[in-house]
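Novice:
In this note's numbering, the protein residues as written are 124 to 569.
#1: Going by C-alpha to C-alpha distance, which of 307, 388, 395, 330 sits closest to residue 516?
#2: Specify the secondary structure class of residue 187 as computed by DSSP and reduced to three states.
#3: Inspect the beta-carbon positions of residue 500 and residue 528 and report whether they are closer than 8 angstroms.
#4: Rounded to the nearest angstrom, how far is the Cβ of residue 462 from that of residue 397, given a contact under 8 angstroms?
#5: What is the DSSP secondary structure of residue 508, reduced to helix, strand or coil?
#6: Per DSSP, what kind of secondary structure is residue 467 in: helix, strand or coil?
#7: Are the beta-carbon atoms of residue 442 and residue 334 separated by less than 8 angstroms?
#8: Apply the 10 Å Cβ neighbour rule to residue 574 and answer buried if 16 or more other Cβ atoms are within range, or exposed otherwise.
#9: Answer with buried or exposed for residue 416, where buried requires no fewer than 16 other C-beta atoms within 10 angstroms of its C-beta.
#10: Roughly how many angstroms lie between the CA atoms of residue 191 and residue 330, to the nearest whole one?
#11: Got a sec, what are the start and stop residues for the beta strand (DSSP E) residue 236 sits in?
#12: Would residue 498 be called buried (16 or more neighbouring beta carbons within 10 Å of its own) or exposed?
#13: Roughly how many whole angstroms lie between the Cα atoms of residue 193 and residue 206?
#14: I'd like to know if the stretch 341 to 350 and the stretch 401 to 410 are in contact, where contact means that at least 3 CB-CB pairs between them fall below 8 angstroms.
#15: Suppose only complete runs of 4+ residues qualify. What are the alpha helix (DSSP H) ranges in the stretch 344 to 389, listed by chain order?
#16: At which residues does the beta strand (DSSP E) containing residue 245 begin and terminate?
#17: Taking the straight line between their C-alpha atoms, what separation do you get for residue 540 and residue 440?
#18: Report the three-state DSSP secondary structure of residue 439 (helix, strand or coil).
#19: Report yes or no: is there a C-beta of chain C within less than 8 angstroms of the C-beta of residue 202?
#20: So what's residue 418 in DSSP terms, helix, strand or just coil?
#21: Pairing CB atoms from the stretch 348 to 368 with CB atoms from the stretch 302 to 311, are three or more of them under 8 angstroms?
#22: In whole angstroms, what is the alpha-carbon distance linking residue 362 and residue 413?
#23: For residue 572, I'd like the list of residues in its chain whose CB is within less than 8 angstroms of its CB, leaving aside the five on either flank, ordered along the chain.
#24: Would DSSP call residue 454 helix, strand or coil?
#25: Can you list, in chain order, the residues of its chain whose CB lies under 7 angstroms from that of residue 284, leaving out five sequence neighbours each side?
#26: Among 366, 355, 314, 301, which one has its Cα closest to the Cα of residue 379?
#27: If you count every other CB in all the chains shown that lies within 10 Å of the CB of residue 286, and 16 or more means buried, which is it?
#28: Ignoring anything shorter than 4 residues or poking outside the stretch 268 to 332, list the alpha helix (DSSP H) runs there in chain order.
#29: Quick one: what does DSSP say residue 220 is sitting in, helix, strand or coil?
#30: Is residue 227 near residue 475, with beta carbons less than 8 angstroms apart?
#31: Look up residue 262 in the DSSP assignment and say whether it is helix, strand or coil.
#32: Are residue 391 and residue 509 closer than 8 angstroms when you measure CB to CB?
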């Protein structure tokens with residue numbers, strides 16, 4: 124080591140200047156990193172500018188000048204865009220076979236079955252569907268009608284039985300009939316709700332653009348027929364409430380009319396029902412937001428203040444990172460609702476309030492609750508099945524759950540860095556002393 128690193132003539136000089144060279148190399152790398160960051164910012168700015176120019180060109184072609192965009196009501200516009208997204212999710216879930224899953228019995232053999240509102244798929248990819256005698260001519264999925272026959276004349280005769288337990292070797296026709304009736308009722312209610320959903324989305328788009336001359340003409344016409352602005356608001360709010368109500372009733376009717384089993388074991392909801400549950404949560408939020416906006420029920424001053432504070436936070440600061448991590452975790456909790464509703468999403472609001480109001484008691488409350496949730500999550504992860512044996516809905520929910528689990532550690536680490544930033548700026552938290560309160564009370568009295 125000695126002879127390799129220290130030469131008689133030049134080694135000592137190199138050894139003495141090694142710290143300075145390392146410092147210069149670190150400064151060079153830091154300078155290169157900042158240059159890359161500035162290059163990325165410039166690229167993002169150019170991309171945003173190009174998108175803005177192209178957007179203006181499209182608006183001009185359809186007859187909406189750029190100055191009219193400033194007249195848009197942004198809350199109704201955001202709700203309308205969300206409504207369009209909700210209707211797309213609803214259509215995606217509607218005709219999928221992931222509403223319900225369970226084990227059906229076919230000649231004594233349990234086969235995993237996935238049901239939609241009108242059909243059944245046997246196996247994860249429908250590979251066993253044609254092996255079911257009633258579905259031999261089917262391709263991938265089999266209708267309830269083929270499995271149940273004439274439900275008006277169906278009997279509860281179990282057919283062939285097992286020798287010891289005397290249980291039926293095949294799923295009862297009555298169970299398929301019950302599942303068919305539940306799917307038919309939910310399907311009818313969803314169609315009835317889809318109409319006010321589309322109407323609510325379209326009317327919200329028009330209401331957002333009511334200050335633009337092309338849309339204002341329609342509202343002037345409505346007003347001339349006696350449909351005043353207040354009545355227009357009532358109609359718009361009522362359409363969102365009707366959309367929300369039909370989704371809720373369809374889920375309740377479907378869940379209440381399901382059979383306890385379709386052969387062996389209990390049935391459980393799958394991803395398509397979870398998507399409908401996600402749309403219900405989103406419609407609930409959109410309905411609340413549009414009603415409070417239309418009738419000025421709730422002042423959004425605190426939300427605007429929090430948004431301004433988020434925008435003003437430095438890009439490479441712990442505060443900005445904490446905001447972004449909380450937003451990302453809230454999105455993951457929303458996606459997790461496809462599989463289950465978790466109480467832990469309330470932790471996001473607790474941490475958000477601490478970040479906005481600087482109330483460190485809420486930080487302590489958040490840390491205590493999140494540590495408890497991590498311990499409980501560890502038990503759940505240990506019990507988790509292998510990914511290969513999961514259905515697509517369970518696999519998606521498990522991946523989202525693991526992402527939320529890892530984000531908890533990231534948020535706690537970012538809180539630590541945020542507190543260090545506050546300490547360096549002289550905003551450190553000081554423990555309570557009774558003398559401080561006495562001095563404060565004396566100052567107030569004076």
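Glycine included, C-beta positions come from ideal geometry on N, C-alpha and C.
Specialist: Reading from the atomic positions:
#1: For the residues 307, 388, 395, 330, the minimum Cα distance to residue 516 belongs to 395.
#2: Residue placement at residue 187 cannot be trusted, given a pLDDT of 48 that sits under 50; what the coordinates show is reported in the next sentence. In the three-state reduction of the DSSP assignment, residue 187 falls in the coil class.
#3: Cβ atoms of residue 500 and residue 528: closer than 8 angstroms.
#4: About 6 angstroms separates the two Cβ atoms, so the contact holds.
#5: The answer is coil: DSSP assigns residue 508 none of H, G, I, E or B.
#6: Three-state DSSP puts residue 467 in coil, outside helix and strand.
#7: No, these two residues do not count as a Cβ contact at 8 angstroms.
#8: The structure shown does not extend to residue 574, since the chain spans only 124 to 569, so no value can be given for it.
#9: Per the 10 Å Cβ criterion, buried.
#10: With a pLDDT of 46 at residue 191, under the threshold of 50, the predicted position of this residue should be treated as unreliable, and no value is reported.
#11: Unbroken beta strand (DSSP E) run through residue 236: 232 to 238.
#12: By the 10 Å Cβ count, residue 498 comes out exposed.
#13: Unreliable positioning characterises residue 193 in this predicted model, as indicated by a pLDDT of 49, which lies under 50. The coordinate reading is nonetheless provided below. Computed Cα separation, rounded: 22 angstroms.
#14: In short, these stretches do not touch, since the Cβ pair count stays below three.
#15: Listed in chain order, the complete alpha helix (DSSP H) runs (minimum 4 residues) inside the stretch 344 to 389 are 352 to 379.
#16: Start and end: 242 to 245.
#17: The alpha-carbon separation between residue 540 and residue 440 amounts to approximately 9 angstroms.
#18: Three-state DSSP puts residue 439 in coil, outside helix and strand.
#19: The structure shown has no chain C; it contains just one protein chain.
#20: Residue 418: coil per DSSP, three-state reduction.
#21: Judged by Cβ distances under 8 angstroms, the stretch 348 to 368 makes no contact with the stretch 302 to 311, as fewer than three pairs qualify.
#22: The alpha-carbon separation between residue 362 and residue 413 amounts to approximately 11 angstroms.
#23: The structure shown does not extend to residue 572, since the chain is modelled only from 124 through 569, so no value can be given for it.
#24: Shown here, residue 454 sits in a helix according to DSSP, grouped into three states.
#25: Cβ contact annotation for residue 284 (same chain, cutoff 7 angstroms, sequence separation greater than five): 290, 291, 292, in chain order.
#26: Distances from the alpha-carbon of residue 379 to those of 366, 355, 314, 301 put 301 closest.
#27: That one is exposed.
#28: For the stretch 268 to 332, whole alpha helix (DSSP H) runs of length 4 or above, ordered along the chain, are 296 to 331.
#29: Coil, per DSSP.
#30: The answer is no: Cβ separation not under 8 angstroms.
#31: Reduced to three states, the DSSP call for residue 262 is strand.
#32: Not in contact: residue 391 and residue 509 (Cβ atoms no closer than 8 angstroms).
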